[in-house]
Amino acid sequence: MESYQLIIELNCTIKISVGKLGVYEFFKGFYVYTGSAKKNMESRIERHLQRSKKLHWHIDYLLTDINTNIIAVRRSLDSECKLNEKGKGKVLVPGFGSSDCVNKCVSHLKFTESYNHLSL
Ligand SMILES: [Zn+2]
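Start counting the sequence shown at 2; every next residue gets the next number (our numbering).
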């Protein structure tokens, strides 16, 4: 496996800081976050599932909020940028999780209002 996607449900609209990116409003709905880990992808996923942790990645700022829940995890053989590109949804926070993308992705976090909009 090369990369993963976290399907995140947000129960209400929240306004939170995303580190150096600044403060953003995250609307109630569903988010798809695409990431990868060269080694130990499973332990990376495990880390995402833990609520309390030292904030390191952009996604940590969202996932440590009590109103978020990871409702599904997908694993893929595609590169994270390719996988991200295929995903539907709107970009709410430019630069989220994509600071070091060679592909210059706008964001590795995409938002959709309805779970039905996610191609499963
Ligand atoms: Zn990318």
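Virtual Cβ for every residue (Gly too), placed ideally from N, Cα, C.
Since the model is a prediction, treat every value here as computed from it, not as a measurement.
Item to check | First through last residue of the alpha helix (DSSP H) which encompasses asparagine 70 | outcome: Bounds of any alpha helix (DSSP H) do not take in asparagine 70; it lies within the beta strand (DSSP E) bounded by 69-77.
Item to check | glutamate 26 - DSSP class collapsed to helix/strand/coil | outcome: strand
Checklist entry - Do you know offhand how far glycine 20's Cα is from isoleucine 60's? => result 10 Å
Item to check | Secondary structure of leucine 56, DSSP reduced to three states | outcome: coil
Checklist entry - If we ignore side chains and look at the alpha-carbon of each, how far apart do serine 80 and serine 108 end up? => result Roughly 15 Å between the two C-alpha positions.
Checklist entry - Which two residues bound the contiguous beta strand (DSSP E) that contains serine 16? => result The question names serine, but residue 16 is lysine in the sequence shown. Here the beta strand (DSSP E) through lysine 16 covers 15-18.
Next on the checklist: Across the segment 25-40 and the segment 111-119, are there enough close Cβ pairs to call them in contact, namely three or more that are closer than 8 Å?
Outcome noted: yes
Next on the checklist: Can you tell me whether lysine 89 is helix, strand or coil according to DSSP?
Outcome noted: It is coil, neither helix nor strand.
Item to check | Endpoints, the alpha helix (DSSP H) within which leucine 50 is located | outcome: 42-50
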